[in-house]
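Below you'll find the structure, written out as structure tokens, and then a few comments.
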Amino acid sequence: MRLSDPFDRLRDEIAADPANAEYTARGWRPLIAGSPESRVLVMSQAPGRRAQESGIPFNDASGARLLRWLGVDRDVFDDPAAFAIVPTDFYYPGKGPSGDLPPRRGVAQAWHPRILAELRPRLTVLVGAFAQRERLGDRRHATLTDTVRAWRDYTPEVVPIVHPSPLNVGWHQRNPWFEAELVPELQRLVALALER
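For reference, each letter of the sequence shown is one residue, going 1 to 196 in our numbering.
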């Protein structure tokens, strides 16, 4: 008899958590992906509405940009032997006045230890301030921009990046070094991590 995927078991437990009852009632599943074989871990904020409703991580404009930055196509990104996707909240948090609401507090602390214990990634990509705060703790800089600008301090095991939201146009205009310097190195590190 084949053993079940530990992520399936964890998804069931997360869905059964009373803190997630309203999402489970909507028919939403916790949006995490991956396997113990995943070679790249993408830690992010929380699913967008389109991703949550489709059940596919980063299935939106942010995802298209993220895939370009990573230098992979959708088939590779969706392969659990290649990528694990672990957000700081597993459900779409709703809309706020200037974009999506932040992930709920305490979700990552409650579930990440068990999820991350199943993974042995060669590379971890930290997408946005919430993932960086969770994973880097005191090692992060005062601002997201400062943390991302200091990406060389964390490589080759970890790469902090800005969220790929189309709403971040102004940030990219002010920080052209991101696409010019960090993205090519990120693509190189991802390619290395994915090598068999």
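For every residue, glycine included, the Cβ atom is placed at its ideal position computed from N, Cα and C.
Item to complete: Go through the segment 98-149 residue by residue and report every complete run of the beta strand (DSSP E) that reaches 3 residues or more, in order.
Response: You should have 123-127.
Item to complete: Can you tell me the Cβ-Cβ gap for L31 and G55, rounded? I've got them flagged as a contact below 8 Å.
Response: Walking along the sequence shown from the start, residue 31 turns up at place 31. Walking along the sequence shown from the start, residue 55 turns up at place 55. Right, the Cβ-Cβ distance comes to about 7 Å (below 8 Å), so this counts as a contact.
Discussion item. I need the boundaries of the alpha helix (DSSP H) containing I14, first residue and last residue.
Written reply: Counted from its first residue, the sequence shown places residue 14 at position 14. P6 to A16 is the span of the alpha helix (DSSP H), which, as asked, contains I14.
Worksheet item: Looking only at C-alpha atoms, which of P87, L167 and R105 sits nearest to I115?
Response: To locate residue 115, count along the sequence shown from 1; it is residue 115. For the options P87, L167 and R105, the alpha carbon positioned closest to that of I115 is the one of P87.
Worksheet item: Within 10 angstroms of its Cβ, does Q132 collect 16 or more other Cβ (buried), or is it exposed?
Response: For the purposes of this step, residue 132 is taken as residue 132 along the sequence shown, with counting starting at 1. The residue is buried, with at least 16 neighbouring Cβ atoms inside 10 Å.
Worksheet item: Is the segment 22-42 touching the segment 68-82 in the sense that three or more CB pairs, one from each, lie closer than 8 Å?
Response: Cβ pair count under 8 Å is three or more, so yes.
Worksheet entry | Backbone secondary structure at L41 - three-state DSSP | The residue labelled residue 41 in the question sits at position 41 within the sequence shown. If DSSP states are grouped into helix, strand and coil, L41 belongs with the strands.
Worksheet entry | C-alpha gap between T124 and D17, whole angstroms | Taking the first residue of the sequence shown as position 1, residue 124 is located at position 124. Taking the first residue of the sequence shown as position 1, residue 17 is located at position 17. Rounded to the nearest angstrom, the two C-alpha atoms are 27 Å apart.
Worksheet item: Candidates Y154, A84, G48 and N20: which alpha carbon is nearest G96's?
Response: Locating residue 96 in the sequence shown gives position 96, counting from the first residue. Considering only alpha carbons, the answer is G48.
Item to complete: To the nearest angstrom, report how far apart L202 and W69 are at their CA atoms.
Response: The question about residue 202 has no answer here: the residues shown for the chain are numbered 1 through 196.
Practice prompt. Sort out for me which residues DSSP pairs W83 with in a bridge.
Written response: Counted from its first residue, the sequence shown places residue 83 at position 83. Note that residue 83 corresponds to Phe in the displayed sequence, not to Trp. Paired residues: V40.
Worksheet entry | P184: first and last residue of the uninterrupted alpha helix (DSSP H) it sits in | In the sequence shown, residue 184 corresponds to position 184, counting from 1. Here the alpha helix (DSSP H) through P184 covers V183 to L194.
Fill in: Which residues DSSP lists as bridging V159, in chain order
Counting from 1 along the sequence shown, the entry for residue 159 is found at position 159. In DSSP, V159 forms a bridge with V125.
Item to complete: Answer with buried or exposed for D89, where buried requires no fewer than 16 other C-beta atoms within 10 angstroms of its C-beta.
Response: Translated into positions along the sequence shown, residue 89 becomes position 89. Classification for D89: buried.
Item to complete: Put A46 into one of helix, strand or coil per three-state DSSP.
Response: Counting from 1 along the sequence shown, the entry for residue 46 is found at position 46. A46 falls in the coil class under three-state DSSP.
Worksheet item: With 16 as the cutoff for other CB atoms within 10 Å, does L194 come out buried or exposed?
Response: Here residue 194 refers to the residue found at position 194 of the sequence shown. With 16 or more Cβ atoms within 10 Å of its Cβ, L194 is classed as buried.
Worksheet item: Using DSSP with H/G/I as helix, E/B as strand and the rest coil, what is G71?
Response: Stepping through the sequence shown from its first residue, residue 71 is reached at position 71. Coil at G71, not helix or strand.
Worksheet item: If we ignore side chains and look at the alpha-carbon of each, how far apart do N20 and R26 end up?
Response: Locating residue 20 in the sequence shown gives position 20, where the first residue counts as 1. Locating residue 26 in the sequence shown gives position 26, where the first residue counts as 1. Distance between the alpha carbons of N20 and R26: 10 Å.
Worksheet item: Just reading off the alpha helix (DSSP H) that A33 is part of, what are its end residues?
Response: Within the sequence shown, numbered from 1, the residue matching residue 33 stands at position 33. Boundaries for A33: no alpha helix (DSSP H) harbours it, and the DSSP string shows neither H nor E there.
Discussion item. Short of 8 Å in beta carbon distance, which residues of its chain neighbour N168, apart from the five on each side in sequence? Order them along the chain.
Written reply: As a first step, residue 168 must be located in the sequence shown, where it is residue number 168. Cβ within range, chain order: V162.
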